[in-house]
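These notes are about the structure you will find just below.
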Amino acid sequence: MEQNETKRRRSDRPEKKSAPKKKNAALTAPKKLKLLFTVVDRKKAELFSDLIGGYGVNLQILLPGEGTAKTETLRLLGLDDTARAVIVSVIRDDKAPAIFEMLEEKFESVRGGKGIAWSVPMTSAVGVAIYQFLSDYREGQDPARANERGKRS
Amino acid sequence: MTFSHECIVCIVNTGFSDAVMDAAREFGARGGTVIHGRGTASREAERFFGISIQPGKEVVLILVPHDLTDKLLHALYRAVGLKTPGQGIAFSLPVDQVVGLSTLSLEKSGEAPAGDGDADKS
Chain A
8 MEQNETKRRR SDRPEKKSAP KKKNAALTAP KKLKLLFTVV DRKKAELFSD LIGGYGVNLQ
68 ILLPGEGTAK TETLRLLGLD DTARAVIVSV IRDDKAPAIF EMLEEKFESV RGGKGIAWSV
128 PMTSAVGVAI YQFLSDYREG QDPARANERG KRS
Chain B
-14 MTFSHECIVC IVNTGFSDAV MDAAREFGAR GGTVIHGRGT ASREAERFFG ISIQPGKEVV
46 LILVPHDLTD KLLHALYRAV GLKTPGQGIA FSLPVDQVVG LSTLSLEKSG EAPAGDGDAD
106 KS
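So the protein sequences, as listed, match chains A and B.
Note that our numbering gives residue 138 to position 131 of the first sequence, counting from 1, and the numbers run on in steps of one.
Note that our numbering gives residue 2 to position 17 of the second sequence, counting from 1, and the numbers run on in steps of one.
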């Protein structure tokens, strides 16, 4: 009985007016972000940085690094060219497959462009503006066009 | 969620990256990448704990299969831990995707392709 009464009372309540929805407002969940580490020959760092930048990546950090020589003998003979660059890029989760596919292809096809890349999930970022910058979120942008922009390299 | 690979980050005093790699190679890592950095530490904390922090640091990145991570971290702790001259710390990050790993030597040795990580082919 009580339950029925409660239901009736609830139905008597006037419905709350919901906020008017904006026309064409595409509501989507925030995209997750990842940290992409790309280790390549230092001479090819700019090339790979540009390639990754073509996928709407707004923040990249280039760090000069060195590979670890395979053997001490090679090092003593000066036969190890260990100058490397580590490119740290903040990428969007949904663009990761395309970026990895591109990198895999370039690692094979670019002369002296052999490298390795991996991604680490990011769990938090503080500030809406920072998130929008990192995820290349542009208000009012048609998602289809955003994808086109992402594919350009 | 489990990941096939993990990225081990080991921060040691300048000159100890070789010790890091020696320890890592024992457990199957084939290569790593060294980045030079500069450590910052609170002077007050240094005095309190009675240690001195050398500012020059080397950051070694090593990509390894998930199942090697624990062994490797323990090896690094023993070889270049905070109580050694290397004064190193090491931690691992989950890697959810990876491209560019060499599988040639693994095929030769008959291991699975995901059996080893290598951060560079130097």
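Beta carbons: idealized from backbone N, C-alpha and C, even for Gly.
All figures in this text were calculated on a predicted structure; none of them were measured in a lab.
Exercise. Could you confirm whether any beta carbon from chain B is found closer than 8 Å to the beta carbon of residue 49/A?
Key: no
Quiz item: Can you list the residues of chain A that residue 82/B reaches, using a CB-CB cut of under 7 Å?
Solution: 103, 107, 125, 126
Quiz item: Which two residues bound the contiguous beta strand (DSSP E) that contains residue 91/A?
Solution: 90 to 99
Quiz item: Who are the near neighbours of residue 96/B in its chain, counting only those whose CB is closer than 6 Å to its CB and skipping five residues on each side?
Solution: Any reading at residue 96/B needs caution, since the residue's pLDDT is 41, under 50, leaving its predicted position unreliable; the model's value is listed next. Same-chain partners within the cutoff: there are none.
Quiz prompt | Cutoff 6 Å; reference residue 45/B; Cβ partners in own chain excluding five residues on either side | solution = -5, 2, 5, 17, 19
Self-check item: Span separating the alpha-carbon of residue 47/B from that of residue 55/B
Solution: 13 Å
Quiz item: residue 70/B: beta carbon under 7 Å from a heavy atom of the ligand GDP?
Solution: Ligands in the displayed structure: none, and consequently the ligand GDP is not present.
Quiz prompt | Close-in-space but distant-in-sequence residues of the same chain around residue 32/B (CB under 8 Å, 5 per side omitted) | solution = none
Practice problem: Pull up the distance between the alpha-carbon of residue 63/B and that of residue 86/B, whole angstroms please. | Solution: 28 Å
Quiz item: In angstroms, rounded to a whole number, what distance separates the CA positions of residue 105/B and residue 78/B?
Solution: Residue confidence for residue 105/B is low, a pLDDT of 44 falling below 50, so the modelled location carries little weight; the figure read from the coordinates is stated next. Going by the C-alpha atoms only, they are around 18 Å apart.
Quiz prompt | Distance CB(residue 40/B)-CB(residue 23/B) smaller than 8 Å | solution = yes
Exercise. Please state if the CB of residue 83/B and the CB of residue 43/B are separated by a distance shorter than 8 Å.
Key: no
Quiz prompt | Coarse secondary structure for residue 121/A, derived from DSSP in three states | solution = coil
Exercise. On a CA-only basis, which of 140/A, 50/A, 51/A, 120/A is nearest residue 98/A? Give me that one, please.
Key: 140/A
Exercise. Have a look at residue 159/A and residue 71/B and give me their C-alpha separation to the nearest angstrom.
Key: At residue 159/A, the pLDDT of 49 sits below 50, so the modelled position is not reliable and the matter cannot be decided from this model.
Quiz item: Closest Cβ-Cβ distance between residue 117/A and chain E: below 8 Å?
Solution: Here chain E cannot be found, since the structure's protein chains are A and B.
Quiz item: Which term fits residue 143/A, buried or exposed, when burial requires 16 or more other beta carbons within 10 angstroms of its beta carbon?
Solution: buried
Quiz prompt | Chain-ordered neighbours of residue 111/A on chain B, where CB pairs are closer than 8 Å | solution = 84, 85
Quiz prompt | residue 103/A and residue 41/A closer than 8 Å at C-beta | solution = yes
Self-check item: Range of the contiguous beta strand (DSSP E) that encloses residue 82/B
Solution: 82 to 84
Quiz prompt | Which of helix, strand or coil DSSP assigns to residue 39/B | solution = coil
Quiz item: If we count the other Cβ atoms within 10 Å of its Cβ and call it buried at 16 or more, is residue 116/A buried or exposed?
Solution: exposed
Quiz item: Beta-carbon of residue 53/A versus every beta-carbon of chain B: anything under 8 Å?
Solution: no
Quiz item: Does DSSP classify residue 23/B as helix, strand or coil?
Solution: strand
Quiz item: If you draw a straight line from the C-alpha of residue 133/A to the C-alpha of residue 62/A, how long is it?
Solution: 23 Å
Self-check item: Assigned exposure category for residue 136/A - 16 Cβ within 10 Å defines buried
Solution: exposed
Self-check item: Beta-carbon spacing of residue 53/B, residue -12/B below 8 Å
Solution: no
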